[in-house]
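One structure is given below, encoded as structure tokens.
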Amino acid sequence: MADLLYFTGTMDCGKSTLALQMDHNHKARGRLGRIFTSHDRAGESRLSSRLGLEAAAIEVRPDFDFWQYVVGELTHGGRIDYVVCDEAQFYQPEQVEQLARLVDELQIDVFCFGILTDFRAMLFPGSARLVELADRMELLQVEALCWCGERATHNARTVAGEMVTEGEQLVVGDMENPDNVVETAYEVLCRRHHRRRLTAARARATLSPEVLPFGGAV
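For reference, each letter of the sequence shown is one residue, going 70 to 287 in this note's numbering.
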């Protein structure tokens, strides 16, 4: 029986790396699949990992129809045993429903990868629908860490160096350099420091060096 699986975690926990590995493993067993993504850091129609791995992918825009695409491929003699869907949090709820239909009616395995919540600590619509429909949800075991050394559980957005909790849900930003004080940037925080809006840059500016990096006195 095919499954709809959702692999999730915060930013920087290896989701895209696992997605690429999943595709590799299934190809190595003679299975044929497709890779989908949305708003990848490497640009349109690419699935990339921060480790430097990259693969071609099909860009999922809001009007993309998974069911129509797969049925069209199969009708024209194509073969699809599985699909890998990265950045699934950006998918529309109806697109997630289309993925579930691929599993139930065509017996195609669907492996989704994404983050649960946005910078406001609110569920992405795509992730919410995946939580509701997935046969199984897997929390990735590679833990991203807050600047204090605790397990990161929240994604934070900063603008001009200050954490913000309002604005558009989707804004491209810099994860590699969260101390960027001009452009929009992102970093991962534990719940305590997300609630206090205490980013790594603010911690360095306001805390004594003796309490860094673990923030025991915060």
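Note that CB positions come from ideal geometry on N, CA and C, so glycine has one too. The structure displayed is predicted, hence computed values, not measured ones.
Kindly indicate the opening and closing residues of the beta strand (DSSP E) around residue i.
i: Tyr75; result: 73–77
i: Met206; result: 205–208
i: Val233; result: 231–233
i: Thr253; result: Thr253 -> no beta strand (DSSP E), and no H or E assigned at all.
i: Arg226; result: 223–228
For residue i, count neighbouring Cβ atoms within 10 angstroms of its own Cβ and tell me buried if that reaches 16, exposed if not.
i: Gly218; result: exposed
i: Asn224; result: buried
i: Glu235; result: exposed
i: Gln158; result: buried
i: Gln176; result: exposed
i: Gln164; result: buried
Going straight from the alpha carbon of residue i to that of residue j, what length do you get?
i: Thr186; j: His95; result: 29 Å
i: Leu122; j: Asp81; result: 14 Å
i: Asp132; j: Glu156; result: 16 Å
i: Val200; j: Ala190; result: 16 Å
i: Asp204; j: Leu168; result: 12 Å
i: Arg198; j: Phe76; result: 14 Å
i: Val257; j: Cys181; result: 21 Å
i: Ala97; j: Met91; result: 10 Å
i: Ala254; j: Trp216; result: 15 Å
i: Arg148; j: Glu128; result: 19 Å
i: Thr275; j: Thr268; result: 10 Å
i: His299; j: Leu208; result: The question about residue 299 has no answer, for the chain in this structure spans 70 to 287.
i: Phe283; j: Glu174; result: Confidence at Phe283 is low in this model, with a pLDDT of 48, below 50, so the placement of that residue should be treated as unreliable; the coordinate-derived value is given next. Rounded to whole angstroms, Phe283 to Glu174 spans 50 Å at the Cα level.
Among the candidates the options, whose CA atom is the shortest distance from the CA of residue i?
i: Leu214; options: Arg198, Arg261, Ala203; result: Arg261
i: Leu73; options: Ser117, Ala97, Arg170; result: Arg170
i: Ala125; options: Tyr138, Ser118, Ile104, Val140; result: Ile104
i: Thr289; options: Ala270, Arg98, Met206; result: Residue 289 is absent from the model: the chain starts at 70 and stops at 287.
i: Arg220; options: Arg115, Gly78, Met70; result: Gly78
i: Gly230; options: Ala272, Thr222, Gly195, Leu209; result: Ala272
i: Gly195; options: Thr86, Arg265, Thr106; result: Thr106
If I follow the unbroken alpha helix (DSSP H) through residue i, where does it start and stop?
i: Val152; result: No alpha helix (DSSP H) holds Val152; the beta strand (DSSP E) holding it covers 151–154.
i: Thr275; result: 269–275
i: Arg98; result: Looking at the DSSP string, Arg98 is not in any alpha helix (DSSP H), and its letter there is neither H nor E.
i: Arg170; result: 162–175
i: His263; result: 260–264
Among all the DSSP beta bridges, which residues are the ones paired with residue i?
i: Leu192; result: Thr186
i: Phe135; result: In DSSP, Phe135 forms no bridge with anything.
i: Thr106; result: Glu128
i: His115; result: In the sequence under discussion, the amino acid at residue 115 is Arg, which differs from the His named in the question. According to DSSP, Arg115 bridges with Ala125.
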